[in-house]
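Report on the following structure.
Number of protein chains: 4
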Amino acid sequence: MSPKVSDSYKEEKRAAILEGALHCFTEKGYQATTVDDIVRHLGMSKGAIYNYFSSKEDMYIQMADARMNTMVDTLTEQFKLVPSAAEKLRHLFARFHRQSLDELRKWLTFHMEFSIYAGRRPDLADFLSEYMGKALALIQKIMEEGKQSGEFRSDLDAKSASYLFWAVRDGLALHFMIDGEEAEYKSILKDMETMVFRNIMKQ
Amino acid sequence: MSPKVSDSYKEEKRAAILEGALHCFTEKGYQATTVDDIVRHLGMSKGAIYNYFSSKEDMYIQMADARMNTMVDTLTEQFKLVPSAAEKLRHLFARFHRQSLDELRKWLTFHMEFSIYAGRRPDLADFLSEYMGKALALIQKIMEEGKQSGEFRSDLDAKSASYLFWAVRDGLALHFMIDGEEAEYKSILKDMETMVFRNIMKQ
Amino acid sequence: MSPKVSDSYKEEKRAAILEGALHCFTEKGYQATTVDDIVRHLGMSKGAIYNYFSSKEDMYIQMADARMNTMVDTLTEQFKLVPSAAEKLRHLFARFHRQSLDELRKWLTFHMEFSIYAGRRPDLADFLSEYMGKALALIQKIMEEGKQSGEFRSDLDAKSASYLFWAVRDGLALHFMIDGEEAEYKSILKDMETMVFRNIMKQ
Amino acid sequence: MSPKVSDSYKEEKRAAILEGALHCFTEKGYQATTVDDIVRHLGMSKGAIYNYFSSKEDMYIQMADARMNTMVDTLTEQFKLVPSAAEKLRHLFARFHRQSLDELRKWLTFHMEFSIYAGRRPDLADFLSEYMGKALALIQKIMEEGKQSGEFRSDLDAKSASYLFWAVRDGLALHFMIDGEEAEYKSILKDMETMVFRNIMKQ
DNA sequence: TATGAATGAGCATTCATTCAT
DNA sequence: AATGAATGAATGCTCATTCAT
Chain A
1 MSPKVSDSYK
11 EEKRAAILEG
21 ALHCFTEKGY
31 QATTVDDIVR
41 HLGMSKGAIY
51 NYFSSKEDMY
61 IQMADARMNT
71 MVDTLTEQFK
81 LVPSAAEKLR
91 HLFARFHRQS
101 LDELRKWLTF
111 HMEFSIYAGR
121 RPDLADFLSE
131 YMGKALALIQ
141 KIMEEGKQSG
151 EFRSDLDAKS
161 ASYLFWAVRD
171 GLALHFMIDG
181 EEAEYKSILK
191 DMETMVFRNI
201 MKQ
Chain B
1 MSPKVSDSYK
11 EEKRAAILEG
21 ALHCFTEKGY
31 QATTVDDIVR
41 HLGMSKGAIY
51 NYFSSKEDMY
61 IQMADARMNT
71 MVDTLTEQFK
81 LVPSAAEKLR
91 HLFARFHRQS
101 LDELRKWLTF
111 HMEFSIYAGR
121 RPDLADFLSE
131 YMGKALALIQ
141 KIMEEGKQSG
151 EFRSDLDAKS
161 ASYLFWAVRD
171 GLALHFMIDG
181 EEAEYKSILK
191 DMETMVFRNI
201 MKQ
Chain C
1 MSPKVSDSYK
11 EEKRAAILEG
21 ALHCFTEKGY
31 QATTVDDIVR
41 HLGMSKGAIY
51 NYFSSKEDMY
61 IQMADARMNT
71 MVDTLTEQFK
81 LVPSAAEKLR
91 HLFARFHRQS
101 LDELRKWLTF
111 HMEFSIYAGR
121 RPDLADFLSE
131 YMGKALALIQ
141 KIMEEGKQSG
151 EFRSDLDAKS
161 ASYLFWAVRD
171 GLALHFMIDG
181 EEAEYKSILK
191 DMETMVFRNI
201 MKQ
Chain D
1 MSPKVSDSYK
11 EEKRAAILEG
21 ALHCFTEKGY
31 QATTVDDIVR
41 HLGMSKGAIY
51 NYFSSKEDMY
61 IQMADARMNT
71 MVDTLTEQFK
81 LVPSAAEKLR
91 HLFARFHRQS
101 LDELRKWLTF
111 HMEFSIYAGR
121 RPDLADFLSE
131 YMGKALALIQ
141 KIMEEGKQSG
151 EFRSDLDAKS
161 ASYLFWAVRD
171 GLALHFMIDG
181 EEAEYKSILK
191 DMETMVFRNI
201 MKQ
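Protein chains in written order, with full-length UniProt numbering: chain A, 1 to 203; chain B, 1 to 203; chain C, 1 to 203; chain D, 1 to 203.
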């Protein structure tokens, strides 16, 4: 298997490596994961990885980039199909509800670890800021849409509300990161939804 | 032959080491900090550290333990002096306001990194859970106090509200971890306070 | 089924590879040059090279062999056209003069590096000795010719003089290998010529 | 063996490491020598070396620096004791005669390899140039002294003659680097001395 | 108790060579 | 004959921990 391999083959391999690396990074953390761990998990040779990525860090960054963009893009796409602002937020909460605590933990652990890592490297910080800005803008737009349509309070500060929206969601995940049961998490998530809507809806 | 003096000396030294290590861990992260970094920062010999701590990890854990307990104990102490439940929460928000974004970032970075680290070690996870339980209980008690005194909604779920309280606070910090300006942070913190109170107060 | 065409094609390709490899070896040195460097420089695939050479070392040796033999053969050829011994030496010095310092540096660097390399491998050492013997014999023959014709001192030790001839030439190049200007080099080359002739001519 | 070790101990250790490394570099060449080779030869742990040198290259450079300076300094010192210019040169040739071909080969191999290496790194090239300049100046001074005292030809170009002096010496070593017998080498060295003096002495 | 040189397993990365296509 | 992805041993360097002094 080797000469003039198709682009799609390479793309699949790239994706497979990222997936394997993600598994390891999630399990042990970025720094504690050795390239050997990844290679062993993938059942592939060490050198092969370097045909696709220039370094362990490169894998990490590209992985973070892909995950973040996918998330924002998916939401953006889905929101197009939902008419009202309130519905969009409900849709988002529904999504949160469908995601298992386990999945959430993995996502958040990865995301937090990467944030800490990026926070210490000015170049990566920019890239992370950009992503967070996008996620914020996504909600902010909904908030403004809701104000205009009269669904939300007219004196709502859209930006602030967006921050609070993500804050409350990520903060909740943070508190369930170590332990806590699925049922309890889901229950509080429901209350969180109530609180958020109480905060933005008219009256 | 002067155990008391010697003991206090040891205790001071221990604290000094922890402080120096905290500085380094905050700056570069736990894994990226070498014992040499700490030693260089402290102007002390490498071997000396091992007279006070059994390993780098030991320093990390004891440091986390001390920081967390101090935080909970301080709040517990302060709350004793504040009469009403709502006042207690206001007091807490005032504290948040006084803390600079920079300090908050350092604290959160350390805390998050430790949480991730501990989350991967069952033994440490217990210890972290215990701390988070204490922090939660601290607020939960206030929530219940407020319900009893009639300050807060009678149908408030105290536990859930406590989770949301911390979630919203930590989540906000999380979103300002990488960048964002002090003024904006403080403004959103104010809105957060409004949202929280809107959620728990009668009507 | 057209062996002749195919053979010449192969020969050309072989030569092209050697030329590309020479460029890289000269630029970065043998050990520091990777097969990828060569391949990149040539715009050819890695596997292809191994159809013409069995290893990186094989390329190196064949290259050295070719260069050295070419040099000796060329000189041998040219000397046939020059009648007297002294003229032959003058001809050689003229050649040295025409060669730019830059070219000389490249040649010497390659040659020296190969000598060091070969010096550590008994099998290659033999091959290198043989070449050096040929270069020496070339001059030695001239020296003897000059003695017989009466151009040179009759008590001249032909072999010793040949050694000195090459020594002085290579040594000079060695000293200009790192830096030094073309003009100065050429001037000293002139003095070198004077010294050499002063040493071998009658009186 | 470890705490507050004396400076002289450290210096000895440093020297021992350099000596061991020199042995390996001479045997196998700089690039082909692995840190493990050095460590094995020294019977010491790998990490220890990095307490004294920051990298394999650092060892190489410091070694070259020390060797070159020692050589120049020693000669400078010795020349002070010799009255006339011609005597100084004779002294130098006597030194050459005393040095065995084997020693010379080792020295030259090391020196040439380092020159090639340094020639490709602008920063090192400066350092090498400086050394070669010193060696040149050493002889140049003698040449001028000899002209002034009337020992040498008054129309001698001191600088050029110095270049030729070293050229002829290093070139000769170069030609005996691979093979050749001690006796022959010594004989040609004698002829070289004759040639050099014939070139610089009056008449 | 303090010191800091020594240890050596461990790590990310490189690279000559192979071989399926 | 050509391709280039795959291989995996090898390499320079790091670093938590130890221990003789």
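All C-beta atoms in this analysis are idealised placements derived from N, C-alpha and C, irrespective of residue type, glycine included.
This one's a predicted model, so the numbers in the text were calculated from it and none came from an experiment.
Check, Outcome
"Chain A contact residues for B:W166, given Cβ-Cβ distances below 8 Å", "G171 and H175"
"Cut-off 8 Å between Cβ atoms - residues of its own chain near D:L189, not counting five sequence neighbours on either side", "F93, F96, H97 and L172"
"Backbone CA spacing between A:Q78 and A:E151 [nearest angstrom]", "20 Å"
"Proximity winner among B:M201, B:L18, B:G20 and B:M71, relative to B:D157 (alpha-carbon distances)", "B:M201"
"Residues that DSSP places opposite A:F152 in a beta bridge", "A:M201"
"Alpha helix (DSSP H) segment containing C:Y52, residue limits", "K46 to Y52"
"Where the alpha helix (DSSP H) through B:I61 begins and ends", "K56 to K80"
"B:D102 burial status per 10 Å Cβ neighbour count (16 or more: buried)", "exposed"
"Closer than 7 Å to chain A by CB, B:Q148", "no"
"Cutoff 7 Å: B:Y163 Cβ touching any chain A Cβ", "yes"
"Opening and closing residue of the alpha helix (DSSP H) in which D:V39 lies", "V35 to L42"
"is_contact[A:M1, chain B] using C-beta, thresh 7 Å", "The predicted position of A:M1 is uncertain, since its pLDDT is 43 and thus under 50; a value taken from the coordinates is nonetheless stated next. Answer no: the Cβ-Cβ gap between A:M1 and chain B never drops below 7 Å."
"Contact list for the segment 101-113 of chain D against chain C, Cβ threshold 7 Å", "T109, M112 and E113"
"Range of the contiguous alpha helix (DSSP H) that encloses C:I178", "Per DSSP, C:I178 belongs to no alpha helix (DSSP H) and is neither H nor E."
"C-beta neighbour in chain C for D:S49, strict 7 Å", "Contrary to the premise, residue 49 of chain D reads as Ile rather than Ser in this sequence. Answer no: the Cβ-Cβ gap between D:I49 and chain C never drops below 7 Å."
"For B:V196, three-class secondary structure by DSSP", "helix"
"A:K13 versus A:A48: straight-line alpha-carbon distance, rounded", "10 Å"
"Straight-line gap, B:P3 to B:E11 (C-alpha atoms, nearest Å)", "Residue confidence for B:P3 is low, a pLDDT of 49 falling below 50, so the modelled location carries little weight; the figure read from the coordinates is stated next. Going by the C-alpha atoms only, they are around 12 Å apart."
"Run of the alpha helix (DSSP H) containing B:D157, from where it starts to where it stops", "Run containing B:D157: none; DSSP gives neither H nor E here."
"Within-7 Å CB hit, C:Q78 to chain D", "no"
"DSSP-derived helix/strand/coil call for A:P83", "coil"
"9 Å Cβ cut-off: residues of chain D touching C:N69", "What C:N69 touches in chain D: nothing, since even the nearest Cβ is about 17 Å away."
"For B:L75 and B:L138, believed in contact at Cβ under 8 Å, the rounded distance", "6 Å"
"Straight-line gap, D:I178 to A:G43 (C-alpha atoms, nearest Å)", "49 Å"
"Expected contact under 8 Å - CB spacing of D:T109 and C:I116 to nearest Å", "6 Å"
"CB contact flag (B:A135, B:V39, <7 Å)", "no"
"Neighbour flag for A:D179 against chain B, beta carbons, 7 Å", "yes"
"Closest Cα partner of D:A16 within the set D:H41, D:R169 and D:A125", "D:H41"
"Extent of the continuous alpha helix (DSSP H) run through B:S115", "L101 to G119"
"Minimum C-alpha distance to C:F114 - residue among C:Q31, C:S8 and C:P83", "C:Q31"
"Test: D:G15 CB closer than 7 Å to a CB of chain C", "Just to set this straight, residue 15 of chain D is Ala in the shown sequence, not Gly. So no, D:A15 is outside the interface."
"Below-7 Å beta-carbon distance, B:Q31 vs any chain A residue", "yes"
"Cβ shell of B:F53 (< 6 Å), same chain only, five flanking positions each side left out", "M59"
"7 Å Cβ shell around B:A21 - same chain, five flanking residues per side excluded", "I38, M59 and M63"
"Straight-line Cα distance separating A:A183 from A:S149", "35 Å"
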